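Student: My questions all concern the structure below.
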């Protein structure tokens, strides 16, 4: 089996949701015409279905968005795959650059190199949302298509309303709104008599309508079949009766997945394991925060949480689809750097974290204890002077995970390194695209471990080449460097172990639950598994090299988890004396 939960940008999932919903509307309308019905037969059937839906007291808002600036080009339209222009291995917006490019229609030089038929320009977008800002449906017109009159555009808006009532995109129950506000006066006048037949009123004041600046994309709450990818507005989804983890739209899809080959990729093979993973859901959701129930819920909506708590700038962009969208449009222009440069004063790396009282300004009066390092969010928050209302754990999970590895795991797994007595550490973070955007949060390591100087290297394909100042090679097996990895789910750890065994002949240690995992649950499209960023930690178990095994001591067995003893006082005192002596000599030279 294969899941992409936790590794695929939300923006891609949301884009596919928009496309699938729009395709359903178009194919339903086309099927009506192919069956020999009158051109308006589809609309009449949809009107009857809409009138039969229960009425609600909600206010819906139809936005008419004109686009004169942005268009896109497709590298090779002839290679369109599965109704899309990209492969299944596209996990990030950066991967889309191989298939899709955005162009600025206001740049004459850029347009001169393109023929009009070679790019796609949506010149008018109709977007319907409810009072909570949830997406209900969309339609659009293309610049190279026939231009529509106001009356024709109004009928297009009316059809959009009908489809959204019966098949709402956001996955909620079908219902009729009490009011519809059209943010275009000309369209409002034409649509008004049409919607009265549905029992929907117009004329609501703009102040009562959803705020356009607070549109929340609830894409992740719309589930889909694991096999055929049909969304919940297209079909009825059910979880596997045995494991309750994987979603299917039909018995046919479930049988296909059950008997998939090779055997270790079938649901038959994974079902007992997935059932065991599902039993750990409560343990993974154990956090001390006041917002725990919301952010660990299977229906958690990240975008709404961020907007409601005004977490819409600086570091929090990395937790939102806004970051992916800005990168996709900017074509590797590092927008986050500009935001950070604008909001920081250039000297205080904690300034962005202080916004919204995420971190207190004063450093803790008492230094952290090496004898009893923090092992829970609650103890760390108390020491740091943070309220359990603060969601900063979502950002600090990266630095606190490294802290946990240094103070708890490495001393247990690699005691010969004596890491707690090191004065400097060099850390390489692999596939560090997101961590690089959050690089200033790693200053928290200097607060937690002030006696250590950290040198952090970010490694990954998604990093900006213009700031690449050095190159290096890691030789883990020969140097026996501790290599720790985090995963979002136990399932991913099992896949990693298979990969290590097949590719390198090695293995990984038993995955351990990370006490400093992110509290934000990652909602998956096609399964109910509990996914959390940095939820499990494991390290590589190196394969013994017969050539170098005589030169290197064998890897010590992993000892049981026991409370760490305090570092020897005489060693620490000696280290301090040497450091003070060096500083004194430097002063004399000056």
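In the numbering used here, the protein residues as written are -15 to 574. Using N, Cα and C, we set each Cβ at its ideal position, and we do this for glycine too. Every value quoted in this text rests on a predicted model; they were computed, and no experiment measured them.
1. Is the CB-CB distance between residue 48 and residue 110 below 8 Å?
2. Using the rule of at least 16 other Cβ atoms within 10 Å of the residue's Cβ for burial, across every protein chain shown, is residue 280 buried or exposed?
3. What residue does the alpha helix (DSSP H) around residue 377 start on, and which one ends it?
4. So residue 389 packs on residue 468, CB below 8 Å; how close in whole Å?
5. Using three-state DSSP, classify residue 120 as helix, strand or coil.
6. Since residue 57 sits in a beta bridge, which residues does DSSP pair it with?
7. Which value, in whole angstroms, describes the spacing of the CA atoms of residue 352 and residue 424?
8. Could you check what DSSP says for residue 328 in three-state terms: helix, strand or coil?
9. Please classify residue 441 as buried or exposed, where buried requires at least 16 neighbouring CB atoms within 10 angstroms.
10. Pull up the distance between the alpha-carbon of residue 227 and that of residue 505, whole angstroms please.
11. I'd like to check one pair, residue 112 with residue 144: are the Cβ atoms closer than 8 Å?
12. Buried or exposed, going by whether 16 or more other CB atoms sit within 10 Å of the CB of residue 391?
13. What would DSSP say about residue 469, mapped onto helix, strand or coil?
14. Any idea what DSSP makes of residue 143, helix, strand or coil?
15. According to the Cβ coordinates, are residue 84 and residue 120 closer than 8 Å?
16. So what does DSSP say about residue 392, is it helix, strand or coil?
17. Among 240, 81, 255 and 395, which residue has its Cα nearest to the Cα of residue 58?
18. May I have the straight-line CA-CA distance separating residue 128 from residue 105, to the nearest angstrom?
19. Considering Cα atoms alone, identify which of 260, 238, 263 and 259 is closest to residue 250.
20. Contact check, residue 205 vs residue 283 under 8 Å by CB: the rounded distance?
21. Residues bridged to residue 160 by DSSP?
22. If I follow the unbroken beta strand (DSSP E) through residue 107, where does it start and stop?
23. By Cβ distance, which residues of its chain are closer than 6 Å to residue 418, with the 5 residues on each side in sequence left out?
24. In three-state DSSP terms, what is residue -9?
Tutor: Answer, in terms of the structure:
1. Here residue 48 is taken as the residue at index 64 of the chain shown, counted from 1. Here residue 110 is taken as the residue at index 126 of the chain shown, counted from 1. If you check the CB distance, residue 48 and residue 110 come in under 8 Å.
2. Position 296 of the chain shown, counted from the first residue, corresponds to residue 280. Around the C-beta of residue 280, 16 or more other C-beta atoms lie within 10 Å, and the residue is accordingly described as buried.
3. In the chain shown, counting from the first residue as 1, residue 377 sits at position 393. Element bounds for residue 377: 377 to 388.
4. Here residue 389 refers to the residue found at position 405 when the chain shown is read from its first residue. Here residue 468 refers to the residue found at position 484 when the chain shown is read from its first residue. Contact between residue 389 and residue 468 is confirmed by a C-beta separation of about 5 Å, below the 8 Å threshold.
5. For the purposes of this step, residue 120 is taken as the residue at position 136 of the chain shown. Three-state DSSP puts residue 120 in a strand.
6. Residue mapping note: residue 57 aligns to position 73 of the chain shown, counting from 1. DSSP output for residue 57 lists 85 as bridge partner(s).
7. On the chain shown, residue 352 is found 368 positions in, with the first residue counted as 1. On the chain shown, residue 424 is found 440 positions in, with the first residue counted as 1. So the two alpha carbons sit approximately 20 Å from each other.
8. Counting from 1 along the chain shown, the entry for residue 328 is found at position 344. Its pLDDT being 39, under 50, residue 328 is placed unreliably in this model, and the coordinates cannot settle the point.
9. For the purposes of this step, residue 441 is taken as the residue at position 457 of the chain shown. The Cβ neighbour count for residue 441, taken over all protein chains shown within 10 Å, is under 16; the residue is labelled exposed.
10. Sequence index remark: in the chain shown, residue 227 carries index 243 (1-based). Sequence index remark: in the chain shown, residue 505 carries index 521 (1-based). Residue 505 has its alpha-carbon roughly 19 Å from the corresponding atom of residue 227.
11. Taking the first residue of the chain shown as 1, we reach residue 144 at position 160. Taking the first residue of the chain shown as 1, we reach residue 112 at position 128. It is a contact, given that the beta carbons lie within the stated cut-off.
12. The count along the chain shown starts at 1 and reaches residue 391 at position 407. Residue 391 comes out buried.
13. In the chain shown, residue 469 corresponds to position 485, counting from 1. Reduced to three states, the DSSP call for residue 469 is strand.
14. Taking the chain shown and counting its residues from 1, the one referred to as residue 143 is at position 159. For residue 143, the secondary structure class from DSSP, reduced to helix, strand or coil, is helix.
15. Here the question's residue 84 lines up with position 100 in the chain shown. Here the question's residue 120 lines up with position 136 in the chain shown. Their beta carbons are not under 8 Å apart, which means residue 84 does not touch residue 120 by this criterion.
16. The residue labelled residue 392 in the question sits at position 408 within the chain shown. Secondary structure of residue 392 (DSSP, three-state): helix.
17. For the purposes of this step, residue 58 is taken as residue 74 along the chain shown, with counting starting at 1. Residue nearest to residue 58 within the set 240, 81, 255 and 395 is 81 (criterion: CA-CA distance).
18. As a working mapping, residue 128 is identified with position 144 in the chain shown. As a working mapping, residue 105 is identified with position 121 in the chain shown. C-alpha separation (whole angstroms): 8 Å.
19. As a working mapping, residue 250 is identified with position 266 in the chain shown. Ranking the options by Cα distance to residue 250, first place goes to 238.
20. Residue numbering aside, residue 205 sits at position 221 when the chain shown is read from its first letter. Residue numbering aside, residue 283 sits at position 299 when the chain shown is read from its first letter. Right, the Cβ-Cβ distance comes to about 6 Å (below 8 Å), so this counts as a contact.
21. Taking the chain shown and counting its residues from 1, one reaches residue 160 at position 176. Beta-bridge pairing links residue 160 to 39.
22. Taking the chain shown and counting its residues from 1, one reaches residue 107 at position 123. Note, residue 107: beta strand (DSSP E), 106 to 113.
23. The sequence position of residue 418 within the chain shown is 434, counting from 1. Excluding positions up to five away in sequence, the list reads 302.
24. Counting from 1 along the chain shown, the entry for residue -9 is found at position 7. Collapsing the DSSP output to three states places residue -9 in coil.
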